[in-house]
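> So the sequence lines, in the order shown, correspond to chains A and B.
The numbers in numbering that gives the first Met the number 0 rise by one with no breaks, and the one at position 453 of the first sequence is 452.
The numbers in numbering that gives the first Met the number 0 rise by one with no breaks, and the one at position 255 of the second sequence is 254.
Glycine included, C-beta positions come from ideal geometry on N, C-alpha and C.
A single structure is presented below for examination.
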Amino acid sequence: MKMRTSPWLGGTLAAALALPTLSCQKQAVYTSPPGSARVLNGTITGDPATLQRDDGQWVMPAKNYASTRFSGLDEITIQNVGRLGVSWTFSTGMVAGHEAAPLVVDSTMFLATPFPNIVYAFNLGSPGAPIKWQYDPKPPGAAKGVACCDLVNRGVAYADGKIFFNTLDGRTIALDAATGQPKWITKLADINKGETMTMAPLVVKGKVLVGNSGGEFGVRGWLTALDATSGAVVWRAYSTGPDKDVLIGPNFKPFYPSDRGTDLGITTWPGEGWRIGGGTVWGWISYDPELDLVYYGTANPGPWNPEQRPGDNKWTAGMFARRPDTGEAIWYYQTSPHDLFDHDGVNELVLADLTMAGQIRKIAMRADRNGLLYVIDRTSGEVLSAAPFGFVNSNRGVDLKTGRLIPVADKAPTQGVVVRDICPAAPGMNDWQPTSFSPRTGLLYIPHQNLCEDIEAMAASYIAGTPYVGASVVYKAGPGGYRGAVTAWDAVAGKPAWVVKENFPVWSGTVVTAGDVVFYGTMEGWFKAVNARTGELLWRFKCGSGIIGQPIVYKGPDGHEYVAVLSGVGGWAGALVTNDLDPRDATAGNGFGGALADLKSATTRGGMLYVFSLGDGR
Amino acid sequence: MRRVFGSLLVVEAVLASASTSCLKLAPKPALRVCADPNNLPFSNRAQEGFENRIAELLAADRHARLEYTWWAQRRGFVRNTLAAGTCDVVIGVPAESDSVAATLPYYRSSYVFVSRRDRGLNLASFDDPRLPKLRIGVQMIGDDFANTPPAHALARRGMTANVVGYTVYGDYGQPSPLSDIVLAVDRGDVDIAVVWGPVAGFFARRSEGRLTLSAVSPQRDSPSLPFAFEISMGVRRGDAALRTALDDFLRRRHVKIDAILDRYGIPRVERL
Chain A
0 MKMRTSPWLG
10 GTLAAALALP
20 TLSCQKQAVY
30 TSPPGSARVL
40 NGTITGDPAT
50 LQRDDGQWVM
60 PAKNYASTRF
70 SGLDEITIQN
80 VGRLGVSWTF
90 STGMVAGHEA
100 APLVVDSTMF
110 LATPFPNIVY
120 AFNLGSPGAP
130 IKWQYDPKPP
140 GAAKGVACCD
150 LVNRGVAYAD
160 GKIFFNTLDG
170 RTIALDAATG
180 QPKWITKLAD
190 INKGETMTMA
200 PLVVKGKVLV
210 GNSGGEFGVR
220 GWLTALDATS
230 GAVVWRAYST
240 GPDKDVLIGP
250 NFKPFYPSDR
260 GTDLGITTWP
270 GEGWRIGGGT
280 VWGWISYDPE
290 LDLVYYGTAN
300 PGPWNPEQRP
310 GDNKWTAGMF
320 ARRPDTGEAI
330 WYYQTSPHDL
340 FDHDGVNELV
350 LADLTMAGQI
360 RKIAMRADRN
370 GLLYVIDRTS
380 GEVLSAAPFG
390 FVNSNRGVDL
400 KTGRLIPVAD
410 KAPTQGVVVR
420 DICPAAPGMN
430 DWQPTSFSPR
440 TGLLYIPHQN
450 LCEDIEAMAA
460 SYIAGTPYVG
470 ASVVYKAGPG
480 GYRGAVTAWD
490 AVAGKPAWVV
500 KENFPVWSGT
510 VVTAGDVVFY
520 GTMEGWFKAV
530 NARTGELLWR
540 FKCGSGIIGQ
550 PIVYKGPDGH
560 EYVAVLSGVG
570 GWAGALVTND
580 LDPRDATAGN
590 GFGGALADLK
600 SATTRGGMLY
610 VFSLGDGR
Chain B
0 MRRVFGSLLV
10 VEAVLASAST
20 SCLKLAPKPA
30 LRVCADPNNL
40 PFSNRAQEGF
50 ENRIAELLAA
60 DRHARLEYTW
70 WAQRRGFVRN
80 TLAAGTCDVV
90 IGVPAESDSV
100 AATLPYYRSS
110 YVFVSRRDRG
120 LNLASFDDPR
130 LPKLRIGVQM
140 IGDDFANTPP
150 AHALARRGMT
160 ANVVGYTVYG
170 DYGQPSPLSD
180 IVLAVDRGDV
190 DIAVVWGPVA
200 GFFARRSEGR
210 LTLSAVSPQR
220 DSPSLPFAFE
230 ISMGVRRGDA
240 ALRTALDDFL
250 RRRHVKIDAI
260 LDRYGIPRVE
270 RL
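In structure tokens form, the structure reads like this:
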């Protein structure tokens with residue numbers, strides 16, 4: 000494609016010619032690679048709408064607006080992937096969980112670390128991919144003390160010569176992709192009120208879409224669009240409250256009657272519960288340019304317990320379709336009305352056109368926390384199917400007439416009552432970790448947990464000098480005794496094509512290629528390649544720390560296919576290791592202490608980027 | 000030689016015992032306290048809280064200089080302070096806390112009803128028939144089924160629509176993040192609030208007599224839902240020597256500690 004070919008042809012030739020000689024020279028030669036800034040020097044701009052189609056690059060964490068995380072590259076195949084080797088590595092020097100996807104734009108790779116959210120650019124055109132620039136946003140250390148979970152960051156986004164990312168302390172920052180100089184900084188979230196930002200932005204039609212985290216602290220959730228050029232707020236859509244705050248107007252046409260009415264964001268809450276009602280937007284956003292709709296999910300209601308918030312608690316734990324220009328809501332569907340289990344609805348919606356019952360349907364697939372794989376008509380919000388993709392006993396699926404989740408009464412948590420064997424546990428069957436979809440196989444590759452939980456009475460605890468009681472939640476392996484899996488799901492048939500069981504939850508993303516290879520990482524640190532059609536293990540490499548990042552695939556300036564992933568255990572599931580928690584305390588790490596007590600003997604913390612290629616094995 | 004407490008003071012202990020002539024030169028041992036820098040009435044960086052006063056009393060008693068590790072008292076507080084070894088004592092923890100080793104309790108307080116004196120409500124029970132008609136402020140903790148006892152007590156009586164939630168986190172960018180719910184009663188935003196005693200007692204004092212408190216009765220709504228809690232000091236699990244030393248201090252100086260609590264308006268309730 001146009002934008003790529005000119006600098007890349009030059010880069011490829013130069014690299015090919017230079018390599019043999021340069022490799023004998025002193026390292027100083029590489030420190031100022033000629034022309035490295037030129038490729039992104041403001042004169043070359045890139046609209047993500049176009050760039051997302053280029054399989055050589057990876058310009059947004061989900062690869063494309065459809066969030067398929069599918070790479071059309073096919074140099075690495077099921078036949079030769081066994082010869083994959085490490086090309087280069089980079090240590091971030093940080094010990095929190097590394098969830099971000101690296102990006103590749105032209106011959107530069109971009110990477111955001113966990114708190115303190117340093118952004119690096121690497122010159123892929125030079126041997127060893129030296130650092131081109133780095134940017135330190137210097138968030139205050141206090142942000143650590145008030146953040147909810149781990150100090151993760153889920154990645155940066157690229158558009159028109161700029162890199163966009165969020166900081167834990169609530170800023171969205173635009174950097175000049177060529178130099179790393181800040182173009183604008185917009186303060187959006189107030190860490191002093193428990194509001195943080197951990198999600199990766201999505202840039203659509205010149206707008207940077209970002210959302211907040213912190214439902215546990217009584218934060219009211221929102222999605223905000225910023226002007227990509229100036230950083231000014233264009234619109235903000237809240238997840239609770241009056242229709243005018245939620246940007247619900249005359250064009251709002253939800254499919255199900257239970258989502259229709261005036262100011263449901265108020266009336267489905269007791270009193271003024273909506274004011275601190277949660278529904279934060281810390282997950283993924285997709286976009287369909289043809290329908291001109293952005294899709295994203297809202298998190299669980301908070302900080303109220305279920306019995307304190309009778310009602311559906313709209314618009315939490317569901318998904319919105321909105322116009323990117325104005326933010327106005329077009330449809331909404333609630334995956335977990337009156338959520339009982341901390342089942343945020345923020346997982347990505349993977350967009351595809353599939354033939355279902357003889358008809359081509361524009362659908363969105365969502366592997367939800369509640370254990371159901373939703374296939375939804377993305378034009379209307381109608382649920383076409385919702386099938387469990389693992390063992391679920393806390394709901395009986397969806398009533399397709401009403402669209403409502405069918406609850407199971409005796410699994411509902413109640414204050415002071417012990418409830419055992421709730422499946423899935425609070426992190427759900429699939430938490431933040433993104434799926435991938437191959438148009439070649441028609442399969443969705445779901446990294447997930449197989450965990451259940453017990454809810455028991457808890458000893459007195461203390462927050463800000465205030466004692467309270469609640470429940471201690473203890474997670475444990477689900478049926479079968481394993482704690483994670485990668486499931487290849489056939490959305491048309493509504494059943495798995497294959498399942499690979501893993502000892503620990505698969506907290507990393509997956510990626511799938513035109514070579515029919517699926518890549519994912521395990522919490523022990525194995526980076527694995529499996530056959531996309533059978534799940535057969537083809538290759539694995541043991542990284543330095545457990546993997547909870549998002550693998551990506553790109554074409555290097557040398558014209559060859561590369562796979563990159565961050566290793567660095569952590570996140571909610573890995574907090575036992577990153578925070579050095581006591582594995583004897585089953586409730587440590589909000590319930591993961593019991594389920595993953597052996598994780599500390601399986602891996603240690605520390606962030607490292609690994610880049611693999613066939614190298615001499617081609 | 001004076002008994003030195005705490006395993007992390009080993010260096011000083013060795014220095015001090017090496018030679019009596021060195022005793023004067025040995026650095027004064029440190030009392031290392033883990034505390035929230037913005038959490039009145041308990042503590043703040045300006046050391047204006049009652050826990051700061053108690054820490055000073057303890058330091059003087061131990062002939063130690065007082066050092067603080069400041070960290071917001073939220074999830075991760077113990078992990079990042081006491082458990083990380085940067086400090087050795089948390090001045091206030093629930094006696095039943097299982098994340099630290101707790102000393103003997105040194106006071107016992109209760110959630111209290113806070114209302115305007117001029118309203119004449121005199122309300123003390125969640126079963127009072129007037130309660131469902133009042134606008135009630137209550138403190139909220141977060142999700143995962145953890146919340147303050149009054150929040151649970153109201154919900155189980157079906158009172159949700161007339162309840163206004165105030166997060167205990169408040170606005171940490173302002174001084175006294177915990178004060179909001181008490182000030183809301185004074186302003187008339189809510190008719191009544193149910194607040195942890197030390198918070199209510201301290202901030203009610205600033206209302207120049209406009210606010211009145213009454214302890215929630217009975218002290219327990221169900222076996223799993225107490226309204227009264229005993230408060231202890233906390234040390235690292237396994238730090239038995241320090242815990243014994245603190246128990247000894249609490250026994251000897253309880254009159255002085257009570258005087259500090261009185262001075263800060265901290266309401267106490269007797270064990271039933």
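How should A/R365 be labelled, buried or exposed, when 16 other C-beta atoms within 10 angstroms of its C-beta is the threshold for buried?
Within the first sequence, residue 365 of chain A is the residue found at index 366, counting from 1. Buried is the call here.
> Any beta carbon from chain B within less than 8 angstroms of A/Q307's own beta carbon?
Your numbering for residue 307 of chain A matches position 308 in the first sequence. Yes - at least one Cβ of chain B is within 8 angstroms of the one on A/Q307.
> Does A/Q307 come out as helix, strand or coil in the three-state DSSP assignment?
Translated into positions along the first sequence, residue 307 of chain A becomes position 308. Residue state, collapsed to three classes: helix.
> Rounded to the nearest angstrom, how far is the Cβ of A/V407 from that of A/N429, given a contact under 8 angstroms?
Your numbering for residue 407 of chain A matches position 408 in the first sequence. Your numbering for residue 429 of chain A matches position 430 in the first sequence. About 19 angstroms; that fails the 8 angstroms criterion.
> Cβ of B/G164 within 8 angstroms of Cβ of A/G217?
Your numbering for residue 164 of chain B matches position 165 in the second sequence. Your numbering for residue 217 of chain A matches position 218 in the first sequence. Yes, the Cβ-Cβ distance between B/G164 and A/G217 is below 8 angstroms.
> Hey, is B/R262's beta-carbon within less than 8 angstroms of any beta-carbon in chain A?
The residue you call residue 262 of chain B lines up with position 263 of the second sequence. No, B/R262 lies away from the interface with chain A (no Cβ there is under 8 angstroms from its Cβ).
> Show which residues of chain B have a CB atom less than 9 angstroms away from the CB atom of A/Q333.
Along the first sequence, one-based indexing puts residue 333 of chain A at 334. Those do not exist, as A/Q333 stays about 17 angstroms from chain B at its closest Cβ, beyond 9 angstroms.
> Measure the alpha-carbon distance for A/A563 versus A/L150 and round it to whole angstroms.
Stepping through the first sequence from its first residue, residue 563 of chain A is reached at position 564. Stepping through the first sequence from its first residue, residue 150 of chain A is reached at position 151. Those two C-alpha atoms are separated by around 21 angstroms.
> Can you name, in chain order, every residue of its own chain whose Cβ lies under 6 angstroms from the Cβ of B/P149, other than the five neighbours on each side?
Within the second sequence, numbered from 1, the residue matching residue 149 of chain B stands at position 150. Hits under 6 angstroms: Y110, V137 and V193.
> Round the Cβ separation of B/S108 and B/V268 to the nearest angstrom and send it over; I've been treating them as touching at under 8 angstroms.
Here residue 108 of chain B refers to the residue found at position 109 when the second sequence is read from its first residue. Here residue 268 of chain B refers to the residue found at position 269 when the second sequence is read from its first residue. Indeed they touch by this definition, with Cβ atoms about 6 angstroms apart.
> In the DSSP assignment, find the unbroken alpha helix (DSSP H) run with A/H337 in it and report its ends.
Within the first sequence, residue 337 of chain A is the residue found at index 338, counting from 1. Segment: none, A/H337 is in no alpha helix (DSSP H) and carries neither H nor E.
> Cβ of A/I162 less than 8 angstroms from any chain B Cβ?
In the first sequence, residue 162 of chain A corresponds to position 163, counting from 1. For A/I162, the answer is no, since every Cβ of chain B falls outside 8 angstroms of its Cβ.
> Since A/K236 sits in a beta bridge, which residues does DSSP pair it with?
Taking the first residue of the first sequence as position 1, residue 236 of chain A is located at position 237. The sequence shown places Ala at residue 236 of chain A, rather than the Lys named in the question. Partner(s): A/L222.
> Are the C-beta atoms of A/L580 and some chain B residue less than 8 angstroms apart?
Indexing the first sequence from 1 puts residue 580 of chain A at position 581. Closer than 8 angstroms to some Cβ of chain B, the Cβ of A/L580 qualifies, so yes.
> Would you tell me roughly how many angstroms separate the C-alpha atoms of A/Q133 and A/V58, rounded to the nearest one?
For the purposes of this step, residue 133 of chain A is taken as residue 134 along the first sequence, with counting starting at 1. For the purposes of this step, residue 58 of chain A is taken as residue 59 along the first sequence, with counting starting at 1. If I take the Cα positions, the gap works out to 18 angstroms.
> Which same chain residues end up closer than 8 angstroms to A/Q26 when comparing Cβ atoms and leaving out the 5 residues on each side of it in sequence?
Stepping through the first sequence from its first residue, residue 26 of chain A is reached at position 27. At A/Q26, the pLDDT of 28 sits below 50, so the modelled position is not reliable; the number obtained from the coordinates is stated separately. So no residue of the chain qualifies.
> Compare the C-alpha of A/G464 against each of B/R115, B/R236, B/A244 and B/F228 and name the closest.
Here residue 464 of chain A refers to the residue found at position 465 of the first sequence. It is B/F228.
> Once DSSP output is grouped into helix, strand and coil, what is the label at A/F254?
In the first sequence, the residue the question calls residue 254 of chain A occupies position 255. Coil, per DSSP.
> Only counting runs of 3 or more residues, tell me where the beta strand (DSSP E) segments fall wholly within the segment 131-180 of chain A, in order along the chain.
156-158, 161-165 and 170-175
> I need the DSSP call for A/H447, collapsed to helix, strand or coil.
Within the first sequence, the letter at position 448 stands for residue 447 of chain A. Note: A/H447 maps to strand in three-state DSSP.
> Mapping the DSSP letters down to three states, classify A/S600 as helix, strand or coil.
In the first sequence, the residue the question calls residue 600 of chain A occupies position 601. In this structure, A/S600 counts as helix in the three-state DSSP scheme.
> Mapping DSSP to helix, strand and coil, what is A/N211?
In the first sequence, counting from the first residue as 1, residue 211 of chain A sits at position 212. Three-state result, A/N211: coil.
> Examine chain A for any beta-carbon lying closer than 8 angstroms to the beta-carbon of B/L249, and answer yes or no.
By 1-based counting over the second sequence, the position of residue 249 of chain B is 250. It does not; no Cβ of chain A falls within 8 angstroms.
> For the beta strand (DSSP E) that A/A484 lies in, which residues bound it at each end?
Along the first sequence, read from residue 1 onward, the residue named residue 484 of chain A stands at position 485. Per DSSP, the unbroken beta strand (DSSP E) holding A/A484 starts and ends at G483 to D489.
> Terminal residues of the continuous alpha helix (DSSP H) containing B/D185?
Position 186 of the second sequence, counting from 1, holds the residue named residue 185 of chain B. Per DSSP, B/D185 belongs to the alpha helix (DSSP H) from D179 to R186.
> Where do the ends of the alpha helix (DSSP H) carrying B/T68 lie?
Within the second sequence, residue 68 of chain B is the residue found at index 69, counting from 1. Premise fails: B/T68 lies in the beta strand (DSSP E), R64 to W69, not in any alpha helix (DSSP H).
> Can you tell me where the beta strand (DSSP E) with A/L404 in it begins and where it stops?
As a working note, residue 404 of chain A is residue 405 in the first sequence. A/L404 -> beta strand (DSSP E) spans R403 to P406.
> Bridge partners of A/R321, per DSSP?
What you label residue 321 of chain A is simply residue 322 of the first sequence in a count that begins at 1. The partner list for A/R321 (beta bridge, DSSP) reads A/V293 and A/A328.
> Taking beta-carbon pairs under 8 angstroms, can you tell me which members of the segment 195-223 of chain A lie near chain B?
Contact annotation: in the segment 195-223 of chain A, residues whose CB is within less than 8 angstroms of a CB in chain B are G214, E215, F216 and G217.
> Which residues does DSSP pair with A/D376 in a beta bridge?
Position 377 of the first sequence holds residue 376 of chain A. Answer is A/I362 and A/E381.
> Looking only at C-alpha atoms, which of B/A54, B/I191, B/A183 and B/N161 sits nearest to B/N121?
The residue given as residue 121 of chain B occupies position 122 in the second sequence. It is B/I191.
> Going by DSSP, what residue range makes up the alpha helix (DSSP H) through B/P197?
Taking the first residue of the second sequence as position 1, residue 197 of chain B is located at position 198. Element bounds for B/P197: G196 to R204.
> Quick one: does A/S460 have its CB under 8 angstroms from some CB of chain B?
As a first step, residue 460 of chain A is located in the first sequence; it is residue number 461 there, counting from the start. Chain B contact via Cβ: present.
> So, for B/F226: in the same chain, excluding its five sequence neighbours on each side, which residues have a beta-carbon less than 6 angstroms away from its beta-carbon?
As a position in the second sequence, residue 226 of chain B is number 227, starting the count at 1. Taken in chain order, the residues that qualify are S109, Y110, P148, V215 and Q218.
> What residues in the segment 104-125 of chain A have a beta carbon less than 9 angstroms from any beta carbon of chain B?
none
> How should B/P266 be labelled, buried or exposed, when 16 other C-beta atoms within 10 angstroms of its C-beta is the threshold for buried?
Residue numbering aside, residue 266 of chain B sits at position 267 when the second sequence is read from its first letter. Classification for B/P266: buried.
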